[in-house]
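Heads up, the final residue of the sequence shown is numbered 256 in full-length UniProt numbering, and it's a clean run with no missing numbers. Ideal Cβ positions, reconstructed from N, Cα and C, are used throughout, including at glycine.
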Amino acid sequence: MYLRLAALGDSTTVGIGDPVPGGWRGWARLLAESLGTAYDVSFCNLAVSGAICADVRSEQLADAVAHAPDLASLIVGVNDTMRSTWDPVRIREDLMTCAEALHGSGAMLVTARFHDHGAVFGLPGVLRRPLAARIEVVNRVYDEVYASYGGIRLDLATRPEVATRRFWSVDRLHPSELGHRALAHAYGELLHGEGMHFQLPGLEAQGGYEPSWRRDVMWMVAEGAPWVGRRARDLGPLAVRLAVTDRRVGRTKVGA
Numbered sequence: 001m002y003l004r005l006a007a008l009g010d011s012t013t014v015g016i017g018d019p020v021p022g023g024w025r026g027w028a029r030l031l032a033e034s035l036g037t038a039y040d041v042s043f044c045n046l047a048v049s050g051a052i053c054a055d056v057r058s059e060q061l062a063d064a065v066a067h068a069p070d071l072a073s074l075i076v077g078v079n080d081t082m083r084s085t086w087d088p089v090r091i092r093e094d095l096m097t098c099a100e101a102l103h104g105s106g107a108m109l110v111t112a113r114f115h116d117h118g119a120v121f122g123l124p125g126v127l128r129r130p131l132a133a134r135i136e137v138v139n140r141v142y143d144e145v146y147a148s149y150g151g152i153r154l155d156l157a158t159r160p161e162v163a164t165r166r167f168w169s170v171d172r173l174h175p176s177e178l179g180h181r182a183l184a185h186a187y188g189e190l191l192h193g194e195g196m197h198f199q200l201p202g203l204e205a206q207g208g209y210e211p212s213w214r215r216d217v218m219w220m221v222a223e224g225a226p227w228v229g230r231r232a233r234d235l236g237p238l239a240v241r242l243a244v245t246d247r248r249v250g251r252t253k254v255g256a
């Protein structure tokens with residue numbers, strides 16, 4: 001049986017955190033390979049590192065629809081929460097437009113609800129809380145997508161493995177090989193529940209990152225600090241604004 005799979009999104013769907021010779025693999029490719037044990041799969045990964053919802057709508061959606069997918073993953077929005085261009089109205093419009101077009105093309109949607117990234121990254125509460133509030137805004141849009149178009153979705157906040165260090169690569173922003181395998185396996189189980197039968201992706205990592213403080217320090221010096229520097233234009237002012245807003249809200253609640 002022939003099956004078409006299109007993957008839309010950002011760096012997690014690109015596969016960053018799960019290196020293989022020649023590039024990245026990631027959960028979407030792992031799932032496609034597992035589907036290939038029972039189907040003749042045509043896999044189209046359109047995800048781009050750093051993408052926000054508007055990028056998926058303007059740069060990935062048309063090619064995904066042209067692929068005429070039976071399954072289409074739409075997992076994006078975390079980058080939006082960390083940008084100074086944050087616009088909840090635009091995010092909802094972009095995600096709903098993408099979901100409607102993909103569903104209208106005949107695809108079963110594959111989506112997610114996001115966890116508290118700030119907790120995993122170890123942000124102080126004054127920054128973690130407002131960022132978590134933004135993530136929840138994105139999650140509510142995905143709730144609307146799911147209510148309107150169905151499909152399968154994974155609630156990452158309910159997955160205990162997401163809270164473990166081994167689930168994450170050294171940057172704590174992207175899943176490790178083990179994390180990508182866990183995502184692919186979980187989506188595979190959901191597809192089994194929809195009546196699709198194939199060999200589930202393996203959960204045993206073949207290599208990759210083993211967490212240790214030495215590796216974390218080396219990454220922070222070689223990669224983490226330069227990344228923060230590149231993003232400082234957005235993250236610096238954003239962090240200040242979020243912290244001030246959070247403090248004002250806290251004071252209002254105390255005085256209420």
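Rounded distance between the beta-carbons of residue j and residue i, thought under 8 Å
i, j, result
"G179", "F167", "4 Å"
"A132", "D116", "5 Å"
Endpoints, the alpha helix (DSSP H) within which residue i is located
i, result
"I91", "88-104"
"T12", "11-14"
"L178", "177-193"
Whole-angstrom distance between residue j and residue i, CA atom to CA atom
i, j, result
"F43", "T97", "22 Å"
"L61", "L102", "8 Å"
"V110", "V145", "10 Å"
"A6", "G106", "12 Å"
"N79", "M1", "36 Å"
"R129", "V41", "42 Å"
"L35", "V14", "18 Å"
"A32", "A51", "22 Å"
"D18", "V65", "27 Å"
"P69", "N45", "11 Å"
"L191", "G23", "27 Å"
"R134", "T81", "6 Å"
"P88", "V138", "8 Å"
"R230", "L156", "With a pLDDT of 47 at R230, under the threshold of 50, the predicted position of this residue should be treated as unreliable, and no value is reported."
"R181", "R25", "10 Å"
"R172", "I16", "11 Å"
"V48", "S58", "12 Å"
"S11", "M196", "27 Å"
"R165", "F198", "29 Å"
"W227", "Q206", "Confidence at W227 is low in this model, with a pLDDT of 47, below 50, so the placement of that residue should be treated as unreliable; the coordinate-derived value is given next. The straight-line gap from Cα to Cα measures roughly 28 Å."
"A186", "W27", "10 Å"
"D63", "V170", "32 Å"
"V20", "M108", "28 Å"
Nearest candidate by alpha-carbon position, reference residue i, set the options
i, options, result
"L71", "V20, L8, G15, D55", "L8"
"T37", "E204, P69, Q206, G188", "G188"
"D55", "P69, N45, S34, G77", "G77"
"G118", "E136, A182, Y39", "E136"
"R4", "I16, W27, W24, Y39", "Y39"
"E161", "S176, M82, V170", "S176"
"V141", "S169, A112, I152", "A112"
"S73", "T158, D171, R83, A184", "A184"
"residue 259", "V170, C53, R153, R165", "Coverage of the chain is limited to positions 1 through 256, which leaves residue 259 absent and any answer about it impossible."
"E93", "A147, C53, D63, S84", "C53"
"L95", "R159, H174, T85, D143", "D143"
"R159", "I91, F114, V20, S148", "F114"
Proximity test, residue i beta-carbon vs the ligand ATP heavy atom, cut-off 7 Å
i, result
"E189", "As far as ligands go, the structure on display features none, and thus does not contain the ligand ATP."
N- and C-terminal bounds of the beta strand (DSSP E) containing residue i
i, result
"L109", "108-113"
"D155", "152-155"
Within the segment 25-98, note down every full alpha helix (DSSP H) run reaching 4 residues or more, in order along the chain.
Complete alpha helix (DSSP H) runs here, min 4: 26-35, 61-66, 78-81.
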